[in-house]
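Chains as they are written, first to last, in numbering that gives the first Met the number 0: chain A, 0 to 89; chain B, 0 to 139.
For every residue, glycine included, the Cβ atom is placed at its ideal position computed from N, Cα and C.
These numbers come from a predicted model, not from an experiment.
Written below as structure tokens is the structure these notes are about.
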Amino acid sequence: MAPAVEELPTGQPTGNGRGPQSYRRPARRVRKIDFAQLDGLSTRADQELRETEDALISFMEAQEKRDRLYVMSRDELKKKFQFGRMGGAA
Amino acid sequence: MTSQPMDFTDYLMRQQQQAWQRSQIDKLFPSEEERTAQLARRIEDQAHDSAEGAAVAASEAEEAFVDVITEAKDLGKKITSGVVAPDDARRTLAELRQRHKKIAARIKSIKVAYEGAVKTIEDPAARVAELTSKFPSLRR
Chain A
0 MAPAVEELPT GQPTGNGRGP QSYRRPARRV RKIDFAQLDG LSTRADQELR
50 ETEDALISFM EAQEKRDRLY VMSRDELKKK FQFGRMGGAA
Chain B
0 MTSQPMDFTD YLMRQQQQAW QRSQIDKLFP SEEERTAQLA RRIEDQAHDS
50 AEGAAVAASE AEEAFVDVIT EAKDLGKKIT SGVVAPDDAR RTLAELRQRH
100 KKIAARIKSI KVAYEGAVKT IEDPAARVAE LTSKFPSLRR
């Protein structure tokens, strides 16, 4: 992809300045800036950030589910263990 | 005291002297047209500097966007592979969002400055007319 800003000119200035005759003199070149390309980059960065946010949300949700699963399993095991002890005592 | 006729060399020297004096007076008191032309040249130079400044700033903004994209991608990979703590990832993401916002705002001001400069470069006389109507002291 070409850069959004035109490279610095290496040659001599080309053409004459526009405007009324009395103001004419050899012109300095103005580098072109492609603002559409910069807008495109901004949109891409925004998209990339959203995808990263989505990845973080998915990861946190998955972790939360895992944590819940772990707590559930632990509670179940605890109940079973208590039940076993109570049964043994009876 | 007798006045001697001027020889041709003296005449030429005097002519040259007078021309030089005239040019010095012109420099001290330039005509309105010359003053306007000078003002237009100065304004055009400033506009060129502004346009170049905008080009440099735009180039930096472009690099900054690319950095944000690259860092966001890397962070995404780290999150998926679980090598970064969610709290750290959240902080980094917030910082990236902030950077993105700042760059986007900067682009807007760069655009305004660049377009203004280009307009002036295309027609410096119009800008001179606009300025001198606003600030008549510029004519003096």
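Query                                                                                                                                                            : Result
Who are the near neighbours of GLU43 of chain B in its chain, counting only those whose CB is closer than 8 Å to its CB and skipping five residues on each side? : THR119, ILE120 and PRO123
Do you know offhand how far GLU70 of chain B's Cα is from GLU52 of chain A's?                                                                                    : 13 Å
Beta-carbon within less than 6 Å of ARG13 of chain B's beta-carbon, same chain only, minus the 5 sequence neighbours each way: which residues are those?         : none
Name the DSSP bridge partner or partners of ILE32 of chain A?                                                                                                    : A:VAL4
For a test of the three-state rule: what should DSSP assign to PRO123 of chain B, helix, strand or coil?                                                         : helix
Could you check what DSSP says for ALA88 of chain B in three-state terms: helix, strand or coil?                                                                 : helix
Just the Cα atoms here: how many angstroms apart are GLN45 of chain B and TYR113 of chain B?                                                                     : 12 Å
Tell me, please, whether the CB atom of PHE34 of chain A is closer than 8 Å to any CB atom in chain B?                                                           : yes
Tell me which same chain residues have a C-beta within less than 6 Å of the C-beta of ILE78 of chain B, skipping the five on either side of it?                  : ALA88
Counting pairs of beta carbons, one from the segment 56-66 of chain A and one from the segment 30-38 of chain A, are three or more of them closer than 8 Å?      : no
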